[in-house]
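Participant: The structure is given below, and queries will be raised subsequently.
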Amino acid sequence: MIELNELTKRYEDGVLALDHVSYTIQPGEIFCLLGANGAGKTTTVNILLDFIQPTSGACFINGQDCNKFPLEAKKHVSYVSENVQLYGMFTARQNLRFFAELGGKKGLKNQELDDVMRSVGLPEKALTMRLKNYSKGMRQKLGIAIALIKDPPAIIMDEPTSGLDPRSANEFLDQLRKLRERGKAILMTTHDIFRAKQIADRVGIMKQGRLVAIRKRDEFKHADLEQIYLREMEAAEAV
Amino acid sequence: MIWKIAAKEFLLNLMTFKFVVGTILCVVLVAIFVPVLAEDYRQRLQQYDQRVADNEAKLRQVKAYRVLTPTVYRRPQVLSVFSQGMEKRLADSAKIGFGTRPDFDKIPEINAGPAEVNPYLSIFPAFDFLLIFKIVMSALALLVAYDAVAREREQGTLSLSLSYPISRAQVLLGKLLAGLLTLAVPATIAFLVGLLLLLSSPAIALGGSDWARIAMMYVASLLFILAVYNVGLLFSSLTGSSSLALILGLFFWVVSIIVIPDATVYLARRFLPVTSVEAKDEQIAGIEKLFLHEWHQECAKLPSGGAANATLGPFHGGNGDWFILVCNPAEAQYWEKGAAFEVSFNVKYARKFWEVEHDYVESLLRQTRLARAIGRLSPACLYDNTMNALAGTDLADYQSWTQRVRDYRDTVLAYIRNKTDNLRSPLYITQCTQAEQITWAKGDKFAEEATRAAEKHTLPLNLEDLPRLTYGMGIAQGLQRAAADLAVLLLFNLLMFSLSFVAFLRYDVR
Numbered sequence: 001m002i003e004l005n006e007l008t009k010r011y012e013d014g015v016l017a018l019d020h021v022s023y024t025i026q027p028g029e030i031f032c033l034l035g036a037n038g039a040g041k042t043t044t045v046n047i048l049l050d051f052i053q054p055t056s057g058a059c060f061i062n063g064q065d066c067n068k069f070p071l072e073a074k075k076h077v078s079y080v081s082e083n084v085q086l087y088g089m090f091t092a093r094q095n096l097r098f099f100a101e102l103g104g105k106k107g108l109k110n111q112e113l114d115d116v117m118r119s120v121g122l123p124e125k126a127l128t129m130r131l132k133n134y135s136k137g138m139r140q141k142l143g144i145a146i147a148l149i150k151d152p153p154a155i156i157m158d159e160p161t162s163g164l165d166p167r168s169a170n171e172f173l174d175q176l177r178k179l180r181e182r183g184k185a186i187l188m189t190t191h192d193i194f195r196a197k198q199i200a201d202r203v204g205i206m207k208q209g210r211l212v213a214i215r216k217r218d219e220f221k222h223a224d225l226e227q228i229y230l231r232e233m234e235a236a237e238a239v
Numbered sequence: 001m002i003w004k005i006a007a008k009e010f011l012l013n014l015m016t017f018k019f020v021v022g023t024i025l026c027v028v029l030v031a032i033f034v035p036v037l038a039e040d041y042r043q044r045l046q047q048y049d050q051r052v053a054d055n056e057a058k059l060r061q062v063k064a065y066r067v068l069t070p071t072v073y074r075r076p077q078v079l080s081v082f083s084q085g086m087e088k089r090l091a092d093s094a095k096i097g098f099g100t101r102p103d104f105d106k107i108p109e110i111n112a113g114p115a116e117v118n119p120y121l122s123i124f125p126a127f128d129f130l131l132i133f134k135i136v137m138s139a140l141a142l143l144v145a146y147d148a149v150a151r152e153r154e155q156g157t158l159s160l161s162l163s164y165p166i167s168r169a170q171v172l173l174g175k176l177l178a179g180l181l182t183l184a185v186p187a188t189i190a191f192l193v194g195l196l197l198l199l200s201s202p203a204i205a206l207g208g209s210d211w212a213r214i215a216m217m218y219v220a221s222l223l224f225i226l227a228v229y230n231v232g233l234l235f236s237s238l239t240g241s242s243s244l245a246l247i248l249g250l251f252f253w254v255v256s257i258i259v260i261p262d263a264t265v266y267l268a269r270r271f272l273p274v275t276s277v278e279a280k281d282e283q284i285a286g287i288e289k290l291f292l293h294e295w296h297q298e299c300a301k302l303p304s305g306g307a308a309n310a311t312l313g314p315f316h317g318g319n320g321d322w323f324i325l326v327c328n329p330a331e332a333q334y335w336e337k338g339a340a341f342e343v344s345f346n347v348k349y350a351r352k353f354w355e356v357e358h359d360y361v362e363s364l365l366r367q368t369r370l371a372r373a374i375g376r377l378s379p380a381c382l383y384d385n386t387m388n389a390l391a392g393t394d395l396a397d398y399q400s401w402t403q404r405v406r407d408y409r410d411t412v413l414a415y416i417r418n419k420t421d422n423l424r425s426p427l428y429i430t431q432c433t434q435a436e437q438i439t440w441a442k443g444d445k446f447a448e449e450a451t452r453a454a455e456k457h458t459l460p461l462n463l464e465d466l467p468r469l470t471y472g473m474g475i476a477q478g479l480q481r482a483a484a485d486l487a488v489l490l491l492f493n494l495l496m497f498s499l500s501f502v503a504f505l506r507y508d509v510r
């Protein structure tokens, strides 16, 4: 479970990147964070992963304070970045083994590693291929495999479908559904309203550091999410 | 976890082009230059052995203790192959004497090089192990380090790694360990190849102390390249860009390897100029005049002073340094009483000469010490000092040798005193009998006859029990001399890594 409690971040240059943001993502839920550039989506991710400290408020992963006990909190989360860049000179298997061991999974057999990579849709020939020869779509899939092999209760994804072709993006969403079925609490930041509508259980709409709205799937399932998004943005601007 | 990160970094480093090129270059240079340096050492050793043998041959001809003037030689250091230091630029022999001109105390600093130039300050030695490591290995260390952090940030792998339950300290320690392991590969190969080539040379024989010092040199080499790596790591942790880290690293490299060693020489000369050699020579000339004046005065007081003065003045060559045959009764009479005076007189003036020379040498040494002190700003200079100290090719070893020579002079004097009843025995000056001396004094015709008779029974002295100068360097001495620079090098590493750590704690990994 991922929990944000009055999370606020003001950068040294005075920019308020997060303004008392609170929400909770439950196990088996995909929460998509929507917003324009500078809305505070990536800042949220950076605080959750303890890359930066919040000005006030707190956030928790599986009950562990992300900034007071970051190493404990990180045991329970996997991270998939916008552009998964792994070690180009290593093969996919070597990359996967390295990150599995960082996550505490030691002594895994090649077969186990290969099974995880196959499960995310990587073709057989890619398993022993060097990463420098991977396409972006393949790297994103391997990123999911890396997140999967750690098998944490929470997964944070920062713009994971950015730059993916439609087919790769769809395959990626299939993987997310599987993760949801396995009870993972997933936070995904995205610009892509179309993909968010396809996959999200809830969407959070951010504008200039504020969480201006949270909509459940029932509210946008049969509606135009883009219209909801624009309406909320305009409302926030009026406030 | 640290080991896991180190293993990953190590493997990635091994796969880089720069690592392969750097390793090959280092090994090839070692393979080219070690045989050259080993051959150079063989020739110098051969020359040393020849000179020692010549000296022994001359000693076997000595027929009076007054002309016992052994020459001592400094044996070339076998580890000069690793670090030539100042060995070839300093004097390597000294002549010990008591009865002739008292210049024996001038040894050997002044004879080391041109008078106007401080020979200790030259910075570019031959292309030995030291220089290969200082240039090639340090450049490789920098190239491995500059992108250790910055590249991972640029690629995004750093943020992914730090999303795992590992601390930044673990990441940085892993990178440090990886750097050490990576650079140890070419360093170890270079040392092994160098040693194999060295041992294949018939002139090279390494003892236990040599092996211990080679091991210390290996450790010092690793510490040096690790120091450069740590500087690269610091720049990589300070900047968000690997290209900026590389530029800063190259700037450091040029300053450390080229600018600081040059600047130390310039600054030392600027702030501690050496005593003028002309002024020193003038002082020496003044003492020589005083010496001659006093000598004549004192000789006049001795029995048969006139005769002695005429034939055995202070610059008298006699029958050559290695043979003396005095059949002049006046001289013999003089020497029975005057030898002790001559020796103590010469020793007294030798010390006066030495005081002047010493001032000059001290000014050179002060300049050198200042240069070394300034040089400690650079890990390259620290490495230089450490390697030279361990190889026995540094100034301290040379000074130790000259001190040993002075002590040896006292040993030889004590030996002569012991053999000549404290210089009172006629053996100090001649083996002629009383009868031969009387015959010699009758005139030229008889002098020839007396000389021939004396030559028949005048045999070379048995000098087998004359103590020989032995000089060697143990691991303890080497370590003692290298300790300060080695400690500063270690501190430099700790400081750079601590700064890297602080920078990395504040590093924006996003």
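Line order of the protein sequences matches chains A and B. If you're matching positions, the first sequence starts at 1 in our numbering and goes up one per residue. If you're matching positions, the second sequence starts at 1 in our numbering and goes up one per residue. Even for Gly, the Cβ is constructed at its ideal location relative to N, Cα and C. A quick note: this is a predicted structure, and the numbers were derived from the prediction, not measured.
Just list the alpha helix (DSSP H) runs in the region 16-90 of chain B, keeping only unbroken ones of 4 residues or longer that don't cross its boundaries, in chain order.
Facilitator: 17-59
Participant: With a threshold of 6 Å on Cβ separation, who are the neighbours of B:E109 within its own chain once the five nearest residues in sequence on each side are excluded?
Facilitator: For the purposes of this step, residue 109 of chain B is taken as the residue at position 109 of the second sequence. Confidence at B:E109 is low in this model, with a pLDDT of 33, below 50, so the placement of that residue should be treated as unreliable; the coordinate-derived value is given next. So the list reads V361, once near-sequence residues are dropped.
Participant: Between the Cα of A:E101 and those of A:A58, A:I146 and A:G121, spot the shortest distance and give me the residue it belongs to.
Facilitator: On the first sequence, position 101 is the one that residue 101 of chain A refers to. Of the candidates A:A58, A:I146 and A:G121, A:I146 places its Cα closest to the Cα of A:E101.
Participant: Would you please verify whether the beta carbon of B:D147 is less than 9 Å from any beta carbon of chain A?
Facilitator: On the second sequence, position 147 is the one that residue 147 of chain B refers to. No, its Cβ sits nowhere closer than 9 Å to a Cβ of chain A.
Participant: Quick one: list the residues of chain A neighbouring B:I166, beta-carbon separation under 7 Å, in chain order.
Facilitator: In the second sequence, the residue the question calls residue 166 of chain B occupies position 166. Chain A residues near B:I166: L102.
Participant: A:Y79 touches chain B at which residues, Cβ-Cβ below 8 Å?
Facilitator: On the first sequence, position 79 is the one that residue 79 of chain A refers to. Within chain B, the residues near A:Y79 are S159, L160 and S163.
Participant: The beta strand (DSSP E) spanning A:D151 covers which residue range?
Facilitator: Start at 1 with the first residue of the first sequence, and residue 151 of chain A comes out as number 151. Per DSSP, A:D151 belongs to no beta strand (DSSP E) and is neither H nor E.
Participant: Between B:E116 and chain A, is any beta-carbon pair separated by less than 9 Å?
Facilitator: Sequence index remark: in the second sequence, residue 116 of chain B carries index 116 (1-based). Confidence is the limiting factor: at B:E116 the pLDDT is only 36, short of 50, which leaves the residue's position unreliable, though a coordinate-based value still follows. It does not: the Cβ of B:E116 has no partner Cβ on chain A nearer than 9 Å.
Participant: Just checking, does the region 32-40 of chain B make contact with the region 125-141 of chain B on the three C-beta pairs under 8 Å criterion?
Facilitator: Look at the beta carbons and you see the region 32-40 of chain B touching the region 125-141 of chain B: at least three pairs across the two are nearer than 8 Å.
Participant: Pop quiz: B:L365 and B:Y65 are said to be a contact at Cβ under 8 Å. What is the actual Cβ separation, rounded to whole angstroms?
Facilitator: Taking the first residue of the second sequence as position 1, residue 365 of chain B is located at position 365. Taking the first residue of the second sequence as position 1, residue 65 of chain B is located at position 65. About 35 Å separates the two Cβ atoms, so there is no contact after all.
Participant: I want to know whether the region 37-45 of chain A touches the region 213-228 of chain A - three or more CB-CB distances under 8 Å.
Facilitator: no
Participant: With 9 Å as the threshold, decide whether the Cβ of A:P150 is near any Cβ in chain B.
Facilitator: Counted from its first residue, the first sequence places residue 150 of chain A at position 150. Correcting the residue identity first, residue 150 of chain A is Lys in this sequence and not Pro. Yes, A:K150 counts as interfacial toward chain B.
Participant: Grouping DSSP H, G and I as helix and E and B as strand, with all else coil, what is A:T189?
Facilitator: For the purposes of this step, residue 189 of chain A is identified with residue 189 of the first sequence, where counting begins at 1. Note: A:T189 maps to strand in three-state DSSP.
Participant: Considering Cα atoms alone, identify which of B:T386, B:E355 and B:Y266 is closest to B:L370.
Facilitator: Locating residue 370 of chain B in the second sequence gives position 370, where the first residue counts as 1. Checked all of B:T386, B:E355 and B:Y266; the closest Cα to B:L370 is B:Y266.
Participant: Determine the direct distance from the alpha carbon of A:Q94 to that of A:R88, and round the result to whole angstroms.
Facilitator: Locating residue 88 of chain A in the first sequence gives position 88, where the first residue counts as 1. Locating residue 94 of chain A in the first sequence gives position 94, where the first residue counts as 1. Here residue 88 of chain A turns out to be Gly, not Arg, going by the sequence shown. Cα-Cα distance, rounded: 10 Å.
Participant: Does DSSP put B:V255 in a helix, in a strand, or in coil?
Facilitator: Sequence index remark: in the second sequence, residue 255 of chain B carries index 255 (1-based). If DSSP states are grouped into helix, strand and coil, B:V255 belongs with the helices.
Participant: According to a CB-to-CB cut-off of less than 9 Å, which residues of the region 51-75 of chain A neighbour chain B?
Facilitator: F51, I52, P70, L71, E72, A73, K74 and K75
Participant: When the Cα atoms are used, what is the spatial distance from A:D151 to A:S78?
Facilitator: Against the first sequence, residue 151 of chain A aligns to sequence position 151. Against the first sequence, residue 78 of chain A aligns to sequence position 78. So the alpha carbons of these two residues sit roughly 8 Å apart.
Participant: From this set, B:A184, B:E342 and B:P165, which residue's C-alpha is nearest B:R424's C-alpha?
Facilitator: Along the second sequence, read from residue 1 onward, the residue named residue 424 of chain B stands at position 424. Closest by alpha carbon: B:E342.
Participant: Looking at the strands, I want to know which residues DSSP matches up with B:A94.
Facilitator: Counting from 1 along the second sequence, the entry for residue 94 of chain B is found at position 94. Answer is B:V72, bridged to B:A94.
Participant: Compile a chain-ordered list of the residues in the region 485-510 of chain B whose CB is closer than 7 Å to at least one CB of chain A.
Facilitator: V509 and R510
Participant: Along chain A, in chain order, which residues have C-beta atoms closer than 8 Å to that of B:M15?
Facilitator: For the purposes of this step, residue 15 of chain B is taken as the residue at position 15 of the second sequence. Here the neighbours are M89.
Participant: Pick from A:K221, A:I193 and A:M138: whose alpha carbon is nearest that of A:L230?
Facilitator: Against the first sequence, residue 230 of chain A aligns to sequence position 230. Of A:K221, A:I193 and A:M138, the residue nearest in Cα terms is A:I193.
Participant: With 9 Å set as the bound, which would you pick, yes or no: does the beta-carbon of B:G113 sit closer than that to a beta-carbon of chain A?
Facilitator: In the second sequence, residue 113 of chain B corresponds to position 113, counting from 1. Caution applies to B:G113, whose pLDDT of 34 falls short of 50 and renders its modelled position unreliable; the value that the coordinates give is listed next. No, its Cβ sits nowhere closer than 9 Å to a Cβ of chain A.
Participant: Could you say which of A:L173, A:L179 and A:G183 lies nearest to A:K197 if we only look at CA atoms?
Facilitator: Taking the first sequence and counting its residues from 1, the one referred to as residue 197 of chain A is at position 197. Nearest option by C-alpha distance: A:L173.
Participant: Is the distance from the Cβ of B:T393 to the Cβ of B:S83 below 9 Å?
Facilitator: Here residue 393 of chain B refers to the residue found at position 393 when the second sequence is read from its first residue. Here residue 83 of chain B refers to the residue found at position 83 when the second sequence is read from its first residue. Yes, the pair counts as a contact, with Cβ atoms nearer than the cut-off.
Participant: Shorter than 9 Å from the beta carbon of B:M1 to some beta carbon of chain A?
Facilitator: Sequence index remark: in the second sequence, residue 1 of chain B carries index 1 (1-based). Yes, B:M1 lies at the interface with chain A (some Cβ there is under 9 Å from its Cβ).
Participant: Kindly give me the distance between the Cβ atoms of B:E298 and B:F345, rounded to whole angstroms, as I take these residues to be in contact under 8 Å.
Facilitator: Numbered from 1 along the second sequence, position 298 holds the residue referred to as residue 298 of chain B. Numbered from 1 along the second sequence, position 345 holds the residue referred to as residue 345 of chain B. Rounded to the nearest angstrom, the Cβ distance from B:E298 to B:F345 is 7 Å, consistent with a contact under 8 Å.
Participant: For a test of the three-state rule: what should DSSP assign to A:F60, helix, strand or coil?
Facilitator: In the first sequence, the residue the question calls residue 60 of chain A occupies position 60. Of the three classes helix, strand and coil, the one that applies to A:F60 here is strand, per DSSP.
Participant: Using only CA atoms, which one of B:T23, B:S236 and B:G286 lies nearest to B:F353?
Facilitator: One-based indexing of the second sequence puts residue 353 of chain B at position 353. Of B:T23, B:S236 and B:G286, the residue nearest in Cα terms is B:G286.
Participant: Between B:L45 and chain A, is there a C-beta pair that is closer than 9 Å?
Facilitator: Taking the first residue of the second sequence as position 1, residue 45 of chain B is located at position 45. Answer no: the Cβ-Cβ gap between B:L45 and chain A never drops below 9 Å.
Participant: Establish whether the CB of A:I2 and some CB of chain B are separated by less than 9 Å.
Facilitator: Counting from 1 along the first sequence, the entry for residue 2 of chain A is found at position 2. With 9 Å as the cut-off, A:I2 does not count as an interface residue toward chain B.
Participant: Which bits of chain A does B:K175 rub up against, with CB to CB less than 9 Å?
Facilitator: For the purposes of this step, residue 175 of chain B is identified with residue 175 of the second sequence, where counting begins at 1. Around B:K175, no beta-carbon contact reaches into chain A at under 9 Å, the shortest distance being about 14 Å.
Participant: Suppose you measure from the CA of B:K4 to the CA of B:G174; what does that come to, to the nearest Å?
Facilitator: Reading the second sequence from its first residue, position 4 is the one you call residue 4 of chain B. Reading the second sequence from its first residue, position 174 is the one you call residue 174 of chain B. If you take the alpha carbons of B:K4 and B:G174, they lie about 8 Å apart.
Participant: Under the DSSP definition of a beta bridge, which residues are partnered with A:V80?
Facilitator: Here the question's residue 80 of chain A lines up with position 80 in the first sequence. A:M157, per the DSSP bridge assignment.
Participant: Cβ of B:P119 less than 9 Å from any chain A Cβ?
Facilitator: Position 119 of the second sequence, counted from the first residue, corresponds to residue 119 of chain B. Annotation note: pLDDT 47 at B:P119 (below 50); position unreliable, coordinate value reported separately. By this cut-off, B:P119 is not an interface position.
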